[in-house]
Amino acid sequence: MSANARNRKDQFGLSNSTVKPTRGNNNTVLSDGYRWKFLYKVDLAEGRFLTKTYMPVPDLNEYDTIPTSISPREEAFRRGCGNNTGLSGSCCFYHKTDFIDPVTQDTFSKGDLDFCIDGTICSKCFSISNSMNRDFTFTLGGDCETNICEPTRSVKEGYEKALDQQRKLSPNRNTYLQANVYKGAKEKDGQIQSVFINLFGLSESDLTVTEKDPVVVIGSLTGRGASVRLTTYKKGSNYVVDGIRLIDGGTNYRDAVVTDVPNNLTNRIIFNFDYRGGLFADPRRLLNATRVMVKVTLREDQIADTFSTDQTTFTRYGLIKDVVSSGNDTNFIAGSDTNPGQTQTFSNIKRVQVSSTSAIAPTAATA
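With the working numbering as the guide, the letters of the sequence shown map in order to residues 1 to 367.
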């Protein structure tokens, strides 16, 4: 990503990056005109998913200090119920993200109170919070009228939870590094990411100014702090504009207009704005990472022990979704009767026939 228009104009056909990006020169314009931003590091565990075609894209929005492998009861205990898991009281539910009610069009910010219920056990509150993506607090023996909910509550995002654990993390681990990338992106949310000026069709006399690198004055209803200058080279006693440079992207920009620039170049300047929430705080959106990779390892001894079969050699493996299992009275999707975090093993004693209606979408049926 180039932040210097001269790189695009003067090095046409020779615009490949020539300076190796490092964490030391992160997010600065290098001598070849390019600006590189460090996003994340592929740790050893994620390296198993690195191929010639794909690379893993970790996202700290999913980071949690409570592992997903624990039982639902243990998770309810650690999420806020404690020893009150089976006891009755009142629960206050809070939004984890900004939210617009699709029916009433009411708007809520992250941490705003959503609703309160009482006369219910804490484990039910935990289940409701999971299904609705809400945070919650529980008051033992409380009711919504007497124990009034706080109107707002601090709700931490994944990267904030990681930053809380920073002292326990190695500074070379991706969790540590990426958490600080997110922090910087959130602090600079709404920054102007880059600026471009189109000088096509203008003569040298059209671009002649009296001062070196004049300031581009920016007006905005939302943002503040951005700093932009034209770049120039000296010719005689004057200067000639040859590009534009973003010095500081500022914060909170959702709009920007040029209010003052030499030689009436206003309509030739284009701004690239930040994503809401920070461009670098969502690497999957930034890199358009829309695929899920699954790494499966089967051990022959486990197959023999678990499924009571003498077969130990397999030449084909596959993943099948929405497998139908037979119950006492009806059929159901295998695994749909389990709780979150609960594992279940199935075996198939009949041959599975796999046919393909296309090269992409195979179908499976039991014979």
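For every residue, glycine included, the Cβ atom is placed at its ideal position computed from N, Cα and C.
By the DSSP assignment, the alpha helix (DSSP H) with residue i in it spans what residues?
i, result
"Ala45", "Unbroken run through Ala45: none, as it is neither H nor E."
"Ser123", "122-132"
"Gly184", "174-187"
"Ala76", "72-76"
"Leu286", "283-286"
Please list, in chain order, all residues of the same chain as residue i whose beta carbon is under 7 Å from its beta carbon, the five residues on each side excluded.
i, result
"Lys37", "Asn26, Asn27, Phe280"
"Asp368", "This structure cannot settle anything about residue 368, because the visible part of the chain is limited to 1 through 367."
"Thr120", "Ser88, Cys91"
"Leu163", "Ala179, Lys183"
"Asp248", "Gly225, Ala226, Ser227"
"Ile100", "Thr107"
"Asp10", "In this prediction, Asp10 has a pLDDT of 39, which is less than 50 and means its spatial position is unreliable; what the coordinates show is noted afterwards. Around Asp10: no qualifying Cβ."
"Asp260", "Val217"
"Leu140", "Asn84, Leu87, Gly89"
"Val240", "Glu204, Leu207, Thr208, Thr232, Tyr233"
"Gly47", "none"
Grab me the residues of residue i's own chain with a C-beta within less than 6 Å of its C-beta, minus the 5 sequence neighbours each way, in chain order.
i, result
"Leu376", "Nothing can be reported for residue 376, as the shown portion of the chain is limited to 1 through 367."
"Cys91", "Ile117, Cys125, Phe136, Phe138"
"Arg268", "Ile197, Asn198"
"Ser17", "Asp32, Tyr34"
"Ile333", "Asp322"
Skipping 5 residues on each side, what residues in its chain have a beta carbon closer than 8 Å to that of residue i?
i, result
"Thr222", "Gly190, Asn252, Tyr253, Arg254, Asp255"
"Leu50", "Val42, Pro56"
"Ser237", "none"
"Arg229", "Asp213, Pro214, Val215, Val216, Ile244, Arg245, Ile247"
"Leu14", "Because Leu14 sits at a pLDDT of 44, beneath the cut-off of 50, its placement in the model cannot be relied upon, and the following sentence gives the value as read from the coordinates. If we look at Leu14 and ignore the five residues flanking it on each side, it has no Cβ neighbours."
"Asp282", "Asp59, Asn61, Tyr275"
"Ser170", "Tyr176"
What first and last residue would you give for the beta strand (DSSP E) that runs through residue i?
i, result
"Asn272", "269-273"
"Asn331", "331-333"
"Val324", "324-326"
With which residues is residue i paired in a DSSP beta bridge?
i, result
"Arg35", "Val29"
Stretch pair the region 140-153 + the region 101-116: three plus CB contacts closer than 8 Å: yes
Residue ranges of each alpha helix (DSSP H) within the region 89-165, 4 or longer: 122-132, 158-164
Stretch-stretch touch, CB-based, cutoff 8 Å, three pairs: the region 212-228 with the region 160-176: no
Entirely enclosed beta strand (DSSP E) segments - the region 192-262, minimum 3 residues: Taken in chain order, the unbroken stretches of beta strand (DSSP E) that lie wholly in the region 192-262 and span 3 residues or more are 192-197, 215-219, 224-235, 238-251, 257-260.
Inter-stretch contact at 8 Å, needing at least 3 Cβ pairs: the region 324-332 / the region 71-78: no
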